[in-house]
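Heads up, the thing below is written out as structure tokens.
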Amino acid sequence: MGKEKIKICDEFYDIMPPEYRELVDSATYGKEGRGWKDVGVAKELIEEHSLCAGCPESIAFRYVLACLPNPEDTVMVGSTGCTSLVFPHVAVHNIHSLFGNQNAVASGLKRALAHRFPGKIKDVVVLAGDGATVDIGLDMTLQSWFRQEKFVTICFDNELYANTGGQESGLMQKGFVSKMAPAGKKFDKVKLPEIAQESGCHYVATLTVSKPNRVEKAIRQAVLIAREVGPTYIQLYTPCILEIGKQAMEGLQEMRDSEGPNERFAFKEYISEEAKAYLASLEKEKKPAAISSTQA
Amino acid sequence: MEANTIIGTVNKKGQKIVEPEYLFFEAPRQQYFMTGSEVVREAIRRASVDISVAYPITPQSEAAAMVGDLYVEGYVGDYFRGESEFAVMSQCAGASFGGARVFTTTSGPGTLRAYENFPMWAGSRLPILINVMVRGINSPLNIQPDTLELGMILDTGMLIWHAETAQELLDYLLKGYIVAEEPDVHLPIAVVIDGFFVSHTKDMVMIPSADLALPPYNPYRSPVPCMDMEVPPVRMMRDPFVMKSNYISYATHASWQQEIRAAIERSRKHTIRLIGGLIEEENSDADILIVSSGTAVAQGREAIRLLAEEGIRVGIVKVKTLRPFPHEEIRQATKNAKLIFVPEFNVVGWMAREIKAVIPDNHRVIEGPHVAGGMTMPPEVIVEEIKKVLAGKKEVVRG
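As you go down the protein sequences, you meet chains A and B in turn. So the first sequence is numbered by our numbering: it starts at -9 and just counts up by one. So the second sequence is numbered by our numbering: it starts at 94 and just counts up by one.
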């Protein structure tokens, strides 16, 4: 799309909604170096949202949006949950269809865009909670990886069904007492990052959103690899402070506590050989350009 | 308009893009003897379909596989096997959201597994065409035809056309896209046939040349934004109407549901033009009428012939579209009838309920005969039912 397409006809400029004028005048669209530092500066990265005060998901959402390398040609696919309350505030097209079918919808969408716009970059990014990704939608999550569908799957893992009030999920820790797990959860946290790797994902990362630089790098790599090589998966810890009994200001600390070397969200990254070669080729492309610009 | 500029051009496969009306009514046709599944293949060959997703379930597997052959031949843009009917219908949704013309098929238990998607398709105004080849729904296990699944799909917000013959199947598949994609309709459409009776038997079908094709879908004629980022994103929506408890969100939701139903009704004018009316009548001035859809109508025609031999005059009203339901047409066609029989391939009699709901003096409606679980409906069964009622051996008025 690019910013050119969203220019406002001069005669209508003064009657357009201020949000729209702002998007056209100063969106981060089309800027190579866009990233998490644009959060708080660019209004399109959710100025307002309808999540709880202090919700880690809200900042995760902003980072993801800010780090998309190509937002003007990206479509996001969400699922039922708190994310579906925020998507209407976002300046990127998004689809919310049913609970758990996000990877199936994304498969059809990505193929349709590839068919309609051959040779043009069109990124598809799935963003769903752990219930949608690992429980009700696990079949479709895995099958999209088996089929090597070229899109990113991001799981906002808050280790429970937060939107419905804190029920047990597959990614919940063993022993955690929650609604529908009254005697504590009976089985281990599903090892989706490992399963993702075995299922054909070319990039897999597990992390929290306490370190924005790290999130930015992971998101960018996931999008770029998905675009050219194959499916990628990112699991971000975005605790539901409400359901685990934390105060509004304690979300960040909860994430820091959970990313220690032996903790559940210790930073882990897997890159397939094919994806490594692709990233290296991108680096090579950059370097000659830098040399030629200095020579010029 | 944009559509006109493409007429007369040639697609990647070398087919000439022609006006739909030309393809439907003017282009020379040749006669072929083929199964319903093969007819599906020939319709899709001419339908400029971008994406098709398939999943095996009898009796639609054969047609779904043949669409795969079209993909290899280059007539269909993309094709793959989904992991279940729920996933397939979700993949079709994604493709349609992305602006593609989409085709898929389903049957019986698969239709039910897919079910949650159908109202979502309608609510999202996705003009997906699905060929439903009805069959029994478990349990007991049965793969034979049964229209019970149709009764369940009636109120999803989809258009539903019920073909009786292979010829209608071909025409409805092609014409269905044109009606479903009209901007004032823009809804999913189910083109229905009775599994096996139509899908697996050979019939004479008149088919236009394979060198002709429908104009491709233009996603920008949609009443909702196409999800391809080629148009500005909807950032101006600062107040999400989904799930927010305020008056505007309630009003939006309620009016949206009404709008979908209104769009179904608006499809009438396009449908009547293309398929020649929502019903068909034969001897409808008779005191006794058979009213039904699909192959129950074909069996009804044979019953009429058998009864005529005995001097009993019976007429028939064939319902071609279940959504929109031809209320007024049925009211008019049945206004003089004393008895209205509704033979159905299902146990619940949803078609009789639909008819009873729209005509006056509905004690005239005899619910049945019914056959279920894949039983055929010999015309003699219809004849016997009519004679029983006429002889007073069966109660007409039911509580």
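All C-beta atoms, glycine included, are put in the ideal place defined by N, C-alpha and C.
*With distances taken between CB atoms, is the gap from Gly71(A) to Trp135(A) smaller than 8 Å?*
no
*Go ahead and label Pro238(A) buried or exposed: buried means 16 or more other beta carbons lie within 10 angstroms of its beta carbon, across all protein chains shown.*
Just to set this straight, residue 238(A) is Ala in the shown sequence, not Pro. It counts as exposed.
*Taking Glu477(B) and Val390(B) to be in contact with their CB atoms under 8 Å, please state how far apart those CB atoms are, rounded to whole angstroms.*
Not quite, the Cβ-Cβ distance comes to about 18 Å (not below 8 Å), so this is no contact.
_Spatial distance of Pro436(B) from Val482(B) (CA atoms)_ = 14 Å
*Endpoints, beta strand (DSSP E) assigned at Ser145(B)*: 144 to 147
*Could you give the DSSP three-state label for Arg122(B): helix, strand or coil?*
strand
_Can you check whether the C-beta of Glu47(A) is within less than 8 Å of a C-beta belonging to chain B?_
no
*Is it the case that the Cβ atoms of Lys112(A) and Gly220(A) are separated by a distance below 8 Å?*
no
*Which same chain residues, not among the five before or five after Met245(A), have their C-beta less than 7 Å away from its C-beta?*
Pro46, Thr198, Val199, Ser200, Tyr227, Pro229
*Is the Cβ of Asp129(A) closer than 8 Å to any Cβ of chain B?*
yes
*asked:* Considering Cα atoms alone, identify which of Asp304(B), Met213(B), Phe211(B), Gly170(B) is closest to Ala193(B).
replied: Gly170(B)
*Does Glu176(B) have its Cβ less than 8 Å from a Cβ in chain A?*
yes
*Out of Glu178(B), Val474(B), Gln123(B), which has the shortest C-alpha to C-alpha gap to Tyr148(B)?*
Glu178(B)
*Measure the Cβ-Cβ separation of Leu400(B) and Ile271(B) and say whether it is below 8 Å.*
no
*Could you tell me which residues DSSP pairs with Gly65(B) in its beta bridges?*
This structure cannot settle anything about residue 65(B), because the visible part of chain B is limited to 94 through 492.
*Using the DSSP secondary-structure output, state which residues sit across from His86(A) in a beta bridge.*
Gly68(A)
_Alpha-carbon to alpha-carbon, Gly203(B) and Leu88(A)_ = 18 Å
*Specify the secondary structure class of Cys42(A) as computed by DSSP and reduced to three states.*
coil
*Leaving out five residues on either side along the sequence, give the residues of the same chain with a beta carbon under 6 Å from the beta carbon of Glu112(B).*
Ile100
*Could you confirm whether any beta carbon from chain A is found closer than 8 Å to the beta carbon of Asp171(B)?*
yes
_Please list, in chain order, the chain B residues whose beta carbon lies closer than 7 Å to that of Thr18(A)._
Within chain B, no residue comes near Thr18(A); the closest Cβ sits about 13 Å away, beyond 7 Å.
*How is Asp296(B) classed by DSSP in three states: helix, strand or coil?*
strand
*For Met329(B), which of helix, strand or coil comes out of DSSP?*
Because the pLDDT at Met329(B) is just 48, under 50, the model does not fix this residue reliably, and the value given afterwards should be weighed accordingly. Three-state result, Met329(B): coil.
_According to DSSP, Thr143(A) sits in a beta bridge with which residue or residues?_
Val116(A), Tyr223(A)
*Any chance the region 170 to 189 of chain A sits against the region 59 to 75 of chain A, with 3 or more Cβ pairs inside 8 Å?*
no
*Exposed or buried, Leu99(A), counting other C-beta atoms within 10 Å across all chains shown (16 or more means buried)?*
buried
*Mapping DSSP to helix, strand and coil, what is Lys362(B)?*
helix
*Expressed to the nearest angstrom, what Euclidean distance is found between the alpha-carbon atoms of Ala286(A) and Lys110(A)?*
Only weak support exists for where Ala286(A) lies, its pLDDT of 42 falling under 50; the value from the coordinates is given anyway. Using only the alpha carbons, I get a separation of about 30 Å.
*Assuming Leu262(B) and Ile286(B) form a contact by the criterion Cβ under 8 Å, report the distance between their Cβ atoms to the nearest whole angstrom.*
5 Å
*Within chain B, partners of His39(A) - CB distance below 9 Å*: Within chain B, no residue comes near His39(A); the closest Cβ sits about 10 Å away, beyond 9 Å.
*asked:* Tell me the residue span of the beta strand (DSSP E) that contains Glu374(B).
replied: 372 to 375
*Give me the Cα-Cα distance between Thr64(A) and Pro121(B), rounded to the nearest whole angstrom.*
45 Å
*Sequence-distant residues of the same chain with beta carbon closer than 7 Å to Arg138(B), five excluded per side*: Leu163, Tyr168, Ala303
*Per DSSP, which residues does Val225(B) bridge with? Please list them.*
Thr199(B), Val285(B)
*Taking the continuous alpha helix (DSSP H) assigned at Glu478(B), which residues delimit it?*
472 to 483
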